[in-house]
Structure formats: structure tokens, C-alpha cells
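Participant: This is the structure I have questions about; it appears just below.
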């Protein structure tokens, strides 16, 4: 199982994740954050003034020796300069990193203290750079930081008592759809197209906009949702006894419950949306299911946002729950995915997009032999979810009652976990080097470009012979030289070499103090 969308590291926020303990649970429960069963692709931020290369090296150093699975990185690009373009080239060619996370701001007039994202010009240049390097850009279907800040401030000004529900009220579905529309416009309506991955599709409008743009972009626009968007509403409905009712989520009367659902983008309280997402997974419109994992305890959320709801950290812990929750919601109790489709959305499809297939995502000679054996349907322990999540983190999947889970996990042919317990606690994970220009994303790009060029051939037309407004057809269009220059009397005291062509004449009757040959004393006349 491959996870492309794992937790991000944020400054000044205490994450409950520790590479060793959390990924130990990941291996046991066979959950990865964006792609297969035995790989995670983590989004890495360039924090504390570090360059992209320095941030990547720091991530690799932090993960080295602590991973129970193979891992890779997706670098977040917040600004685009010539130096960052050079860093991107170095990461792709020398470090084997082929994902870049881009976020588009609402307009080009940005306040860096408010909008930590790319302007439209920077976003366009970053896409062109990814196309040249063969790297896949990733765009989250979220509200622009600039718009989010403005709407949140206005809502709090009018209703200061708003709580965690501010997260959903300040991030309308139309803003998420607008982000997808703008990103697709820059990627496919320019001189050269660039494949694009839209991640975290969480709303009905965002889903509809994505499907429309995907058809217009000839299938080179790829989509991903998260397990929380699918399973959290179903779990909430189960807690209500399965009876149709209003799902509260962030509108819950319990502050801890409401804060536990605060995420970016928000989880929409709609069972119908969960079913639509499963349908589009089965049809192939949405390629994979990620976790969007970030573990922040309720205590930390309260310390930041109990008195000011706009500061509640946006996080949902899902790294250890993705496969089990998706199996329960989409395979066992829904029938929306069969076994092959389940493997495709959690393993094969992501592996192809990451250009790791057939090394990953396939059981064949020459592959890495990453294998997961699923258990037979059987009731799991009641405290099953608590074994997958860090202490103090709200569990959005608590209403689900899964009956099966990964029973045996093999990493590169070695048994890593058996019956929910680690067999070998020695570290097995390694950094994966991916190659640029993946076949799934870039194989059709050149052909599509050539087809678009044929549509832009020059149109041969007869010359225009009609009347031109403001022009007399009986007069010549040549203008006299004097039209471009001052009259000669303006140049009487200027050396002839400085006069315009055609007016360099010597005027003997003109008295001058600075003749061309140099200054002289006018002793032959009286002052």
C-alpha cells in the first residue's frame, strides 16, 4: 500500500507522531499514506528559512533508521525563484524526488504574512519547470490562504462566539472547486501542458469540477481523495444507530468532538458524497485514496484554538486506519469496490503514478515482493482503533466496526508483521529514488502537445482593402521629417553635429558662444 499524502511537519505544533512508534503501527496494520501497502510519501515543508535541498536532507536524516517501511518525499514549494528552480532540478536529477506540492494564492497582490502560497505567475512558472524536469506537481483542493484569512476574519468580526464550525464556514465548496479550475487552466491552457495531481477532493462541487476538467484535459488530470472524506460521515451515521439524521461533525455540541473533525479541506457531513467518491474510485476518475494524516492531540488543539477558533490546528490522524476503514466502507458494507479495484486504488494506481511500477504495486519476478495477506472476516477487538492511533487524538472512525484487517505483511520478501504483531523489529525501510517522466503521467504529453499545435496553424487570409478609420487613402502615409523634430530655430545654439539629419547647416549670421571648433573670445565686436 502506498501513501502519497502523509502528515506535514508544522512549526511550533507538537505532533504526536514519532517515526518509530507510529510507523511501527503502520507496518502492523499495513497502512501507508498515499500509495501502496509498504510505502509512504511524506509532504515536507521548507521551514525555518531552509532551502528545498536543505529541507529534503533534514527529512531524510530524521527518517533514516526509524522507518518500518519504504519512504519518499514530496517537497512543498511556497515561492518560486531562480534559486528554487535550481534546487528543484537538483532534487529531481540527483536525489530521485519527483513530486512537488504547489498551492495557488487568490491573486497576485499577496501579503507574505497572510498568504504563504504562489502567485499565479509563480504557479505558472513552477508548472513549466515541473514539465521540463518530468516531475509531477500536486495541488490540494483547498481554499486559498488569502481568501480563507479574509473570510475567517469577517466571520469572527460578526460572530465572535464561533467555534470549530468556523473551519467549514470559512472554506466554501466553491473555493475548493475554483482552486481546481485555476490549477487546470494553468496546466493545460498554455503553450505546453503539464500533468497534474489534484489531492484531497472533499466536497461535491470539487468532485464535479474535477471530473469536468479531467475530461477536458484528456485524462492528464489525476485525482485523489482521503479515507476521512469517505469513512468519517459513515462512521458518524453508524454512531447515530444507522438512522437518517443530521450529521454534526464540526457542528457538534461537544467542543472536543467538533475540534477533532477540523481538517483542511473540511470533511463534508454527507453520506451521499461518500458514496459518490466510492463510485468515482471504481470508475477510475479518482486514482487513489490517501490519508491526509497529521496527528495533533485534542489538548494541543485546545491550547491553540479554545479561545480563538481560527487557530485550531487542522489535522486528522488516519495513517494507521486507511486500508481497514476503506475496506469496511467500500468493500464489505458497500460493494462499491471489488477486491481488484481495492488493490488498484491503494497500490497499483499510485505505484504507476509515482513511476515505481512494477517495482511496487505488483507481485511478479523482479518486483520488491511487498505483499499483504488479508484476514478472513471476523469481529475485531473493541479497542482495535486505539491500537492504531496515538493517545489523545480524536478518532473520526470510531463508528466503524471492521471485521478484517491485514494479517501478514511482507516487505521485500521478509515477514514484517504477523497477526497484528511485529515479527522483526529491525528497521527495514529505505529511501526510494523515483525516476522522472513517469509513463502514466507523461507518456501522452508529447502527443497531446503535437495535436494542439495542429489546431493553432496560421490562417491564410486575403489582404484587407477596406477603409481604415482616421486615415485618408488619397494622401501618402509618409510623414515629413519635421514631424519628428523641433523646428531649426530651436537648435540655433546647438552644434551642427547634434542636429537631426537634414538640418545640419551652418548659419553664419547666427552668433554663438560655443562653435563646433571650440570656444573663442568675441574681441571684434563690442559687448
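Residue numbers (my numbering): 2 to 528. Just so it is clear, CB atoms sit at the ideal spot from N, CA and C, and this is done for glycine as well.
#1: Check for me: the beta strand (DSSP E) holding residue 41 runs from which residue to which?
#2: CA-CA distance, residue 37 and residue 266?
#3: In angstroms, rounded to a whole number, what distance separates the CA positions of residue 12 and residue 155?
#4: Which stretch, first to last residue, makes up the alpha helix (DSSP H) that contains residue 199?
#5: My guess is that residue 207 and residue 177 are in contact by the Cβ rule of under 8 Å, so how many angstroms apart are they, rounded?
#6: Indicate the three-state DSSP secondary structure (helix, strand or coil) for residue 54 in the structure shown.
#7: Can you name the start and end residues of the beta strand (DSSP E) that residue 372 belongs to?
#8: Spatial neighbours of residue 332 within its chain, please: CB distance less than 8 Å, with the 5 preceding and 5 following residues excluded, ordered by chain position.
#9: With distances taken from CA atoms, which of 430, 410 and 431 is nearest residue 423?
#10: What residue ranges within the region 395–455 form continuous alpha helix (DSSP H) runs of no fewer than 4 residues, ordered along the chain?
#11: Quick one: using the 10 Å Cβ neighbour count with 16 as the cut-off for buried, is residue 58 buried or exposed?
#12: Would you call the region 94–104 and the region 433–453 in contact, with 3 or more CB pairs under 8 Å?
#13: I'd like the ranges of any beta strand (DSSP E) spanning at least 3 consecutive residues and lying wholly in the region 156–235.
#14: Kindly give me the distance between the Cβ atoms of residue 228 and residue 168, rounded to whole angstroms, as I take these residues to be in contact under 8 Å.
#15: Taking residue 68 as the reference, which of 282, 427 and 456 has the closest Cα?
#16: Please report how far the alpha carbon of residue 260 lies from the alpha carbon of residue 253, in whole angstroms.
#17: Under 8 Å, do residue 101 and residue 136 count as touching if we go by C-beta distance?
#18: What whole-angstrom Cβ distance do residue 199 and residue 140 have, given they're in contact under 8 Å?
#19: Would you mind reading off the limits of the beta strand (DSSP E) that contains residue 1?
#20: Strictly by DSSP, which residues pair up with residue 152?
#21: On a Cα-Cα basis, can you pick out the residue from 438, 408, 91 and 269 that is closest to residue 324?
#22: For the alpha helix (DSSP H) that residue 298 lies in, which residues bound it at each end?
#23: Report the residue from 52, 274 and 284 whose alpha carbon sits nearest the alpha carbon of residue 220.
#24: When we look at the beta-carbon of residue 43 and count the other beta-carbons within 10 Å, is it buried (16 or more) or exposed?
#25: So is residue 241 buried or exposed if we call it buried at 16+ other beta carbons inside 10 Å?
#26: By the three-class DSSP mapping on this structure, what secondary structure does residue 144 have?
Facilitator: Concretely, from the data shown:
#1: 40–45
#2: Residue confidence is low: residue 37 scores 36 on pLDDT, short of 50, so the model does not pin down where it sits. Its coordinate-derived value is still stated next. A straight line joining the alpha-carbon of residue 37 with that of residue 266 spans about 23 Å.
#3: A caution first: residue 12 carries a pLDDT of 32, below 50, which makes its placement in the model unreliable, though a value can still be read off. Counting only the Cα atoms, residue 155 lies some 26 Å from residue 12.
#4: Taken as a continuous stretch (DSSP letters only), residue 199 belongs to no alpha helix (DSSP H), being part of the beta strand (DSSP E) at 197–200.
#5: 4 Å
#6: DSSP places residue 54 in helix when its eight states are reduced to three.
#7: 372–375
#8: 338, 339, 340 and 343
#9: 410
#10: Listed in chain order, they are 440–443 and 446–455.
#11: It is exposed - the Cβ of residue 58 has fewer than 16 other Cβ atoms within 10 Å.
#12: yes
#13: 197–200 and 222–227
#14: Not confirmed; about 19 Å, so no contact.
#15: Among 282, 427 and 456, the Cα nearest to that of residue 68 is on 427.
#16: 9 Å
#17: In contact: residue 101 and residue 136 (Cβ atoms closer than 8 Å).
#18: Between residue 140 and residue 199 the Cβ distance is about 6 Å, and since that is below 8 Å, they are a contact.
#19: In the structure as shown, the chain begins at 2 and stops at 528. Residue 1 is therefore absent and cannot be evaluated.
#20: Residue 152 is not bridged by DSSP to any residue.
#21: 408
#22: Neither: residue 298 is in no alpha helix (DSSP H) and is coded neither H nor E.
#23: 284
#24: buried
#25: exposed
#26: coil
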